[in-house]
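Reading through the structure tokens given below for one structure.
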Amino acid sequence: QGLRMRIGRATSRDGGLTWTREDAPLLEPDPSEGLFCSWPRILDLDAIGQGSGLRMIYHAFDGSKWRVFTARSADGGASWER
Numbered sequence: 246q247g248l249r250m251r252i253g254r255a256t257s258r259d260g261g262l263t264w265t266r267e268d269a270p271l272l273e274p275d276p277s278e279g280l281f282c283s284w285p286r287i288l289d290l291d292a293i294g295q296g297s298g299l300r301m302i303y304h305a306f307d308g309s310k311w312r313v314f315t316a317r318s319a320d321g322g323a324s325w326e327r
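Under the numbering used here, think of the first position of the sequence shown as 246, with each following residue one higher.
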């Protein structure tokens with residue numbers, strides 16, 4: 246199977262002094278993404294006047310080329326869908 250890195254989440258309840266990492270990735274692995282996903286960036290579409298919810302932009306590498314993917318959250322980042 247090789248390297249399978251996925252985008253995860255960690256939360257802090259003390260202002261960032263300590264963090265707890267969640268076990269599950271934010272998105273289930275998708276074969277079209279290849280070996281791993283990285284460099285997530287979250288845009289607040291409400292804040293920039295481009296709609297509602299959150300948009301995640303991330304990169305994936307399939308062993309020969311990098312590609313850009315997106316996912317969307319309508320519940321403040323609790324769940325994500327491609």
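Glycine is no exception: its CB is placed at the ideal position from the N, C-alpha and C atoms. As the structure is a prediction and not an experimental result, all values here were calculated from the model.
Check: Nearest neighbour of residue 265, chosen from 249, 299, 253 [CA to CA]; Outcome: 253
Check: Cβ-Cβ distance between residue 301 and residue 325 below 8 angstroms; Outcome: yes
Check: First and last residue of the uninterrupted beta strand (DSSP E) at residue 250; Outcome: It is not in any beta strand (DSSP E) - residue 250 carries neither H nor E in the DSSP assignment.
Check: Simplified DSSP state of residue 276, which is helix, strand or coil; Outcome: helix
Check: Chain-order list of residues whose beta-carbon lies under 6 angstroms from that of residue 312 (same chain, five-residue window excluded); Outcome: 305
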